[in-house]
Ligand SMILES: Nc1ncnc2c1ncn2[C@@H]1O[C@H](COP(=O)(O)OP(=O)(O)O)[C@@H](O)[C@H]1O
Ligand SMILES: [Mg+2]
């Protein structure tokens with residue numbers, strides 16, 4: 158119940174007795190002779206929503222109250238009450254307004270369409286009772302986390318998710334085990350101010366408590382680096398007003414049907430954006446000194462943000478004096494795997510994806526590194542790996558699901574330049590020379606035929 162003294166008798170046409178927001182809304186609606194459906198149409202919320210607010214089963218959001226003020230011509234009466242309710246709700250004992258989003262990148266470039274799409278999902282549909290869920294997937298280092306943080310910060314800046322933002326790294330795939338939903342829920346509940354002793358010891362109850370605490374609040378939940386769909390399901394809020402954004406290297410099968418998720422696969426940057434990213438890190442002066450070299454360097458980094466950032470750091474830290482120097486050093490493909498800054502090594506980012514593959518899929522990936530730079534299809538892959546075509550199709554699908562290869566059209570796949578270099582490197586180290594020679598001979602036979 159949202160019992161609130163209503164002191165607006167002189168300023169509004171409503172009765173001045175203490176009433177709830179819902180009672181006041183109902184009184185004003187009846188005074189104007191409107192049905193629930195007519196009011197719903199005027200405020201652009203659905204009838205169920207209006208009815209729940211009128212019966213005080215759902216707290217009014219400020220945006221809903223604004224719509225009521227306008228539709229019912231009562232100045233700012235409802236907005237004032239809803240704002241007070243919201244403030245009171247926030248100050249409830251123990252309620253904490255989490256703000257866990259990392260900072261946006263100063264030099265974020267590109268992905269304008271993806272940002273807009275994500276923004277649309279985040280802003281939700283006022284009339285829907287569903288919780289918007291967006292999934293951003295793509296290969297390691299393509300900028301999934303950066304994009305999501307950028308979009309989330311933008312939404313917060315525009316006034317969305319005023320009750321808080323939660324950000325969790327689900328750690329899958331990483332060096333260790335992926336985070337357990339049971340533990341994650343505990344951290345989330347703690348972040349929302351639930352004392353440790355009130356956190357249930359059972360997964361389902363924990364999830365239910367989490368949904369209850371979120372109920373009626375406008376909170377954004379970012380689940381970064383999800384391992385699989387099972388890991389995410391217990392973490393999903395149940396009430397509209399909340400929204401969820403997930404990043405993952407996997408396609409998270411099932412999430413579309415189970416949670417109505419909108420999926421977005423992030424591509425590498427364009428040539429122009431890639432050069433811009435290098436420039437933004439190394440500065441105009443160094444970039445202007447040799448713009449052609451910057452373009453070559455961007456190309457050798459496969460326009461992949463992680464590689465671009467690492468390369469730019471090499472230059473800034475004077476390990477290479479210019480874009481030209483570094484581009485020359487990166488001419489041999491295997492050298493590109495060693496791009497690193499501090500703890501972050503390009504090869505390790507790829508390793509974490511590669512390690513999730515079963516052996517037949519991993520072998521297929523390594524052997525793809527031996528193929529010429531054509532688009533890959535199941536027949537070529539089957540011949541090279543010496544497996545049946547159905548088996549090859551399945552293995553290629555697995556690789557696409559892990560974002561280690563990308564669909565080019567219905568029958569063809571493409572291997573990103575850097576991932577190709579990585580695969581070539583792997584097969585050199587992990588497969589016997591005879592096996593490689595045989596695979597190359599079979600591939601050559603196939604292409605000659
Ligand atoms: N669009 C972008 N503009 C600028 N920097 C970016 C962009 N995308 C990614 N980066 C940088 O590239 C690196 C890898 O990005 P990240 O978001 O961690 O990739 P992912 O989450 O896909 O593995 C980070 O240092 C990030 O800041
Ligand atoms: Mg990430």
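In my numbering, the protein residues as written are 158 to 606. Glycine included, C-beta positions come from ideal geometry on N, C-alpha and C.
DSSP three-state assignment for residue 405, whether helix, strand or coil: strand
Beta-carbon proximity list for residue 432, same chain, < 7 angstroms, skipping 5 on both sides: 451, 452 and 455
Through-space distance from residue 585 to residue 595, alpha-carbon basis: Cα-Cα distance, rounded: 13 angstroms.
Sequence-distant residues of the same chain with beta carbon closer than 8 angstroms to residue 326, five excluded per side: 336, 381 and 382
Residue 107 in three-state terms, based on DSSP: This structure cannot speak to residue 107, because the chain is shown only from 158 to 606.
Residues near residue 437 in its chain [Cβ-Cβ closer than 6 angstroms; skip 5 each side]: 264
Residue 463, enclosing alpha helix (DSSP H) - first and last residue: Per DSSP, residue 463 belongs to the alpha helix (DSSP H) from 462-473.
Proximal residues to residue 477 (C-beta, below 6 angstroms), its chain only, five neighbours per side dropped: 471 and 483.
Assumed close pair residue 367, residue 390 - CB separation to whole angstroms, cut-off 8 angstroms: Your pair residue 367 and residue 390 does not check out as a contact, with CB atoms roughly 12 angstroms apart and the cut at 8 angstroms.
Residue range of the beta strand (DSSP E) that includes residue 422: 419-422
Residue 565 versus residue 531 - alpha carbon distance: 11 angstroms
Every unbroken alpha helix (DSSP H) inside the region 333-365 [4 residues or more]: 338-348
For review: beta carbons within less than 7 angstroms of any heavy atom in ligand 2: 301, 302, 381, 382 and 404
Minimum C-alpha distance to residue 494 - residue among 574, 269, 428 and 480: 574
Residue 422 beta carbon less than 8 angstroms from that of residue 295: yes
Neighbourhood of residue 410 by C-beta, 8 angstroms cutoff - its chain only, sequence neighbours within 5 removed: 386 and 558
Proximity to residue 426 [Cα-Cα], best of 547, 511, 193 and 303: 303
Option in 291, 602 and 278 with minimal Cα separation from residue 405: 291
Three-state secondary structure assigned by DSSP to residue 482: In the structure shown, residue 482 sits in a helix (DSSP, three-state: H, G or I).
Check whether residue 322 and residue 309 have beta carbons under 8 angstroms apart: yes
Reference residue 588; option with closest CA among 298, 516 and 489: 516
heavy atom of ligand 1 below 7 angstroms from residue 462 C-beta: yes
Beta-carbon contacts of residue 487 that lie in its chain and below 6 angstroms, excluding the five residues immediately before and after: Excluding residues within five positions, the ones whose Cβ falls inside 6 angstroms are 457 and 493.
Residue 170 versus residue 205: straight-line alpha-carbon distance, rounded: Caution applies to residue 170, whose pLDDT of 39 falls short of 50 and renders its modelled position unreliable; the value that the coordinates give is listed next. Using only the alpha carbons, I get a separation of about 26 angstroms.
Check: residue 434 C-beta below 7 angstroms from any heavy atom of ligand 1: For residue 434, the shortest separation between its Cβ and any heavy atom of ligand 1 lies below 7 angstroms.
Span of the beta strand (DSSP E), counted from its first residue to its last, around residue 261: Taken as a continuous stretch (DSSP letters only), residue 261 belongs to no beta strand (DSSP E), as it is neither H nor E.
Member of 571, 551, 340 and 373 whose CA lies at the smallest distance from the CA of residue 357: Out of 571, 551, 340 and 373, 340 has the C-alpha closest to the C-alpha of residue 357.
Alpha-carbon spacing of residue 221 relative to residue 279, whole angstroms: 17 angstroms
Residue 388, buried or exposed, once every other Cβ within 10 Å from all chains shown has been counted against 16: buried
Within 8 angstroms, strictly: CB atoms of residue 553 and residue 538: yes
Residue 445 burial status per 10 Å Cβ neighbour count (16 or more: buried): exposed
Entirely enclosed alpha helix (DSSP H) segments - the region 534-603, minimum 4 residues: The region 534-603 contains these whole alpha helix (DSSP H) runs: 535-542, 546-558 and 574-587.
Distance CB(residue 510)-CB(residue 255) smaller than 8 angstroms: no
Residue from 257, 180 and 407 whose Cα sits closest to the Cα of residue 670: Coverage of the chain is limited to positions 158 through 606, which leaves residue 670 absent and any answer about it impossible.
Cβ-based burial, residue 375 [other Cβ within 10 Å; buried from 16]: buried
Enclosing beta strand (DSSP E) for residue 383 [first to last residue]: In the DSSP assignment, residue 383 falls within the beta strand (DSSP E) that extends over 376-383.
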